[in-house]
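*Asks:* First, the structure itself, so that you have it in front of you.
2 protein chains.
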Amino acid sequence: MSNKYDSLKLENQICFPLYACSKEIVRKYKPFLDEIDLTYTQYITMMVLWDKKQMNVKTLGEYLYLDSGTLTPVLKKLESKSFIKRNRDKDDERNLCVSITDEGEKLKEKAADIPGKISRCVNLSEDEAAQLYKLLYKTLGDLSQI
Amino acid sequence: MSNKYDSLKLENQICFPLYACSKEIVRKYKPFLDEIDLTYTQYITMMVLWDKKQMNVKTLGEYLYLDSGTLTPVLKKLESKSFIKRNRDKDDERNLCVSITDEGEKLKEKAADIPGKISRCVNLSEDEAAQLYKLLYKTLGDLSQI
DNA sequence: TCCTTTTAAATTGTGTACTATTTATATAGA
DNA sequence: TCTATATAAATAGTACACAATTTAAAAGGA
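Chains A and B are the protein sequences, given in the same order.
Under this note's numbering, the first residue of the first sequence is numbered 208, with each subsequent residue one higher.
Under this note's numbering, the first residue of the second sequence is numbered 208, with each subsequent residue one higher.
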């Protein structure tokens, strides 16, 4: 017994569980991130910088799927906590170069056990996690097309 | 060549593609939702009410994984657009009963083609979509445990 | 009945996100 | 060189999202 409005039901959408899942998992991070004084957005920003050491705002935004409107206040906050530095590029003053500090490097050690704690909240098998990972990146790729 | 910090890389996390995917797909909705003057949060709220007709804020929040702090302003906005009504429950004045209006019912027809437009942005096969759906709800279930 | 506890919304304060615009700098032609 | 265009961040304005608190109402016992 289906009708033309079935697709409008929450339980028939793929977007809703994505949205809800994302929110709930970010919420799970909170107690762990509180211990190192980071929000989730600040945490993923630090993850890029732990790996790459420095980067301008635009490139950082491409990694994180965020624009300068979101990143500017996040980066100012991270700078105020001394985890990063913000400096204009001498060769092209339009670029702001964001780089990690020693303080920021130290934070990496404190953060190292967080991914393990989170994965213990999600009881996916290795296969299932790999499947989910693959499907999410495929979808993300589709969505990035025009 | 792996080290103890590998799990801290963005590309090794399951949470990040979830977070990014959710944001990107919500962004895809925007032009379609603009046409019917709804935001994504307002849209999923209306989806529940198109289906259930009326509900108190707490139950609505359980469906949407949102609390009254988020829902109160969303519901006031939807009321100002005449899509819903907000009334205290006569039997228990603590409960606020949210119900759909005729105006709100009419909106359902205008929204009916949105799910199709969105699924055309995501090139998952039926199997893949079903897999993703299943994994997301499994994860959501895991996350809802204490 | 009175008081304590519980419950449901609303409120407060902080921090994203996003669109659109502005500002500053750099580049590319005419 | 001068000007138009393009680019990168920052800013402004709107709308969530959440934790913590407050308010109001209901329920449950002594």
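We put the CB at the ideal spot given by N, CA and C, even for glycine.
Keep in mind the model is a prediction, meaning the values are calculated, not measured.
1) For the alpha helix (DSSP H) holding residue 278 of chain B, just list the boundary residues, first then last.
2) Rounded to whole angstroms, what is the Cα-Cα separation between residue 239 of chain A and residue 217 of chain A?
3) Enumerate, from N- to C-terminal direction, the unbroken alpha helix (DSSP H) stretches of 4 or more residues contained entirely within the segment 287 to 336 of chain B.
4) Under 8 Å between the Cβ atoms of residue 365 of chain B and residue 336 of chain A?
5) For residue 275 of chain B, collect the residues of the same chain with a Cβ closer than 7 Å to its Cβ; drop the 5 residues on either side in sequence, then sort them by chain order.
6) Excluding the five sequence neighbours on either side, which residues of its own chain have a C-beta within less than 8 Å of the C-beta of residue 251 of chain B, listed in chain order?
7) Three-state secondary structure (DSSP) at residue 263 of chain A?
8) Comparing C-alpha positions only, which one of B/287, B/288, B/277, B/266 sits nearest to residue 302 of chain B?
9) In angstroms, rounded to a whole number, what distance separates the CA positions of residue 318 of chain B and residue 223 of chain A?
10) By the criterion of Cβ-Cβ separation under 7 Å, what are the contact partners of residue 335 of chain B in chain A?
11) Can we count residue 259 of chain B as close to the ligand MN, meaning its CB is less than 7 Å from some heavy atom?
12) Where residue 230 of chain A and residue 338 of chain A are concerned, what is the direct C-alpha to C-alpha distance, given to the nearest angstrom?
13) Check whether chain B comes within 8 Å of residue 216 of chain A, counting only Cβ atoms and requiring the distance to be less than that.
14) If you draw a straight line from the C-alpha of residue 243 of chain A to the C-alpha of residue 311 of chain A, how long is it?
15) Mind checking if residue 274 of chain B is an interface residue toward chain A, Cβ cutoff 8 Å exclusive?
16) Along chain B, in chain order, which residues have C-beta atoms closer than 9 Å to that of residue 229 of chain A?
17) If you count every other CB in all the chains shown that lies within 10 Å of the CB of residue 352 of chain A, and 16 or more means buried, which is it?
18) Excluding five sequence neighbours on each side, which residues of the same chain lie with their C-beta closer than 8 Å to the C-beta of residue 286 of chain B?
19) Indicate whether at least one CB of chain A lies closer than 8 Å to the CB of residue 268 of chain B.
20) Output the distance between the C-alpha atoms of residue 283 of chain B and residue 227 of chain A, rounded to the nearest integer angstrom.
21) Output needed for residue 248 of chain B: all residues of its chain with C-beta closer than 6 Å, excluding positions within five of it in sequence on either side, in chain order.
22) Looking at the structure shown, is residue 244 of chain A part of a helix, part of a strand, or coil, going by DSSP?
23) Relative to the C-alpha of residue 347 of chain B, which residue among A/331, A/341, A/349 is closest?
24) For residue 235 of chain B, count the other beta carbons within 10 Å of its own beta carbon; 16 or more makes it buried, fewer makes it exposed. Which is it?
25) So that I know if they touch, is there some Cβ in chain A lying closer than 8 Å to that of residue 330 of chain B?
26) Considering Cα atoms alone, identify which of B/326, B/349, B/316, B/215 is closest to residue 259 of chain A.
27) Run through chain B and tell me which residues come within less than 9 Å of residue 325 of chain A, C-beta to C-beta.
28) Any idea what DSSP makes of residue 221 of chain A, helix, strand or coil?
29) Taking 8 Å as the CB-CB limit, is residue 338 of chain B close to chain A?
*Replies:* This is what the structure holds:
1) Mapped onto the second sequence, residue 278 of chain B falls at position 71. 275 to 287 is the span of the alpha helix (DSSP H), which, as asked, contains residue 278 of chain B.
2) For this step, residue 239 of chain A is matched to residue 32 along the first sequence. For this step, residue 217 of chain A is matched to residue 10 along the first sequence. Using only the alpha carbons, I get a separation of about 31 Å.
3) 309 to 318, 321 to 326
4) Nothing can be reported for residue 365 of chain B: it is not among the residues displayed for chain B, which extend from 208 to 353.
5) Taking the first residue of the second sequence as 1, we reach residue 275 of chain B at position 68. Counting only Cβ-Cβ distances below 7 Å, and skipping sequence neighbours, we find 264, 268.
6) Sequence index remark: in the second sequence, residue 251 of chain B carries index 44 (1-based). Closer than 8 Å at Cβ, skipping near neighbours: 271.
7) Your numbering for residue 263 of chain A matches position 56 in the first sequence. Reduced to three states, the DSSP call for residue 263 of chain A is strand.
8) Here the question's residue 302 of chain B lines up with position 95 in the second sequence. Measuring from the Cα of residue 302 of chain B, the nearest candidate turns out to be B/266.
9) Start at 1 with the first residue of the second sequence, and residue 318 of chain B comes out as number 111. Start at 1 with the first residue of the first sequence, and residue 223 of chain A comes out as number 16. Answer to the nearest angstrom: the Cα atoms are 16 Å apart.
10) Walking along the second sequence from the start, residue 335 of chain B turns up at place 128. Residues of chain A passing the Cβ test: 342.
11) Ligands are entirely absent from the displayed structure, and the ligand MN is therefore not among its contents.
12) What you label residue 230 of chain A is simply residue 23 of the first sequence in a count that begins at 1. What you label residue 338 of chain A is simply residue 131 of the first sequence in a count that begins at 1. One Cα belongs to residue 230 of chain A, the other to residue 338 of chain A, and the distance between them is close to 20 Å.
13) Reading the first sequence from its first residue, position 9 is the one you call residue 216 of chain A. Yes, residue 216 of chain A counts as interfacial toward chain B.
14) As a position in the first sequence, residue 243 of chain A is number 36, starting the count at 1. As a position in the first sequence, residue 311 of chain A is number 104, starting the count at 1. Spanning the two alpha carbons is a distance of roughly 11 Å.
15) Locating residue 274 of chain B in the second sequence gives position 67, where the first residue counts as 1. Chain A, which has no Cβ nearer than 8 Å to the Cβ of residue 274 of chain B, makes this no.
16) Within the first sequence, numbered from 1, the residue matching residue 229 of chain A stands at position 22. Within chain B, the residues near residue 229 of chain A are 222, 225, 226, 227, 228, 229, 230.
17) Reading the first sequence from its first residue, position 145 is the one you call residue 352 of chain A. By the Cβ neighbour-count rule, residue 352 of chain A is exposed, with fewer than 16 other Cβ atoms within 10 Å of its own.
18) Against the second sequence, residue 286 of chain B aligns to sequence position 79. Around residue 286 of chain B: 292, 293.
19) Counted from its first residue, the second sequence places residue 268 of chain B at position 61. Chain A, which has no Cβ nearer than 8 Å to the Cβ of residue 268 of chain B, makes this no.
20) Position 76 of the second sequence, counted from the first residue, corresponds to residue 283 of chain B. Position 20 of the first sequence, counted from the first residue, corresponds to residue 227 of chain A. Distance between the alpha carbons of residue 283 of chain B and residue 227 of chain A: 22 Å.
21) By one-based count along the second sequence, residue 248 of chain B stands at place 41. Excluding positions up to five away in sequence, the list reads 281.
22) To locate residue 244 of chain A, count along the first sequence from 1; it is residue 37. Under the three-state reduction of DSSP, residue 244 of chain A is assigned to coil, being neither helix nor strand.
23) Reading the second sequence from its first residue, position 140 is the one you call residue 347 of chain B. With distances taken between Cα atoms, residue 347 of chain B lies closest to A/331.
24) In the second sequence, residue 235 of chain B corresponds to position 28, counting from 1. Burial check for residue 235 of chain B: the Cβ neighbour count within 10 Å reaches 16 or more, so the residue is buried.
25) Along the second sequence, one-based indexing puts residue 330 of chain B at 123. Judged by the 8 Å Cβ criterion, residue 330 of chain B is in contact with chain A.
26) Position 52 of the first sequence, counted from the first residue, corresponds to residue 259 of chain A. A check of alpha carbon separations from residue 259 of chain A across B/326, B/349, B/316, B/215 identifies B/215 as the nearest.
27) The residue you call residue 325 of chain A lines up with position 118 of the first sequence. Ordered by position in chain B, the residues that pass the 9 Å Cβ test against residue 325 of chain A are 220, 221, 222.
28) Here residue 221 of chain A is taken as the residue at index 14 of the first sequence, counted from 1. Coil, per DSSP.
29) Taking the first residue of the second sequence as position 1, residue 338 of chain B is located at position 131. Chain A contact via Cβ: present.
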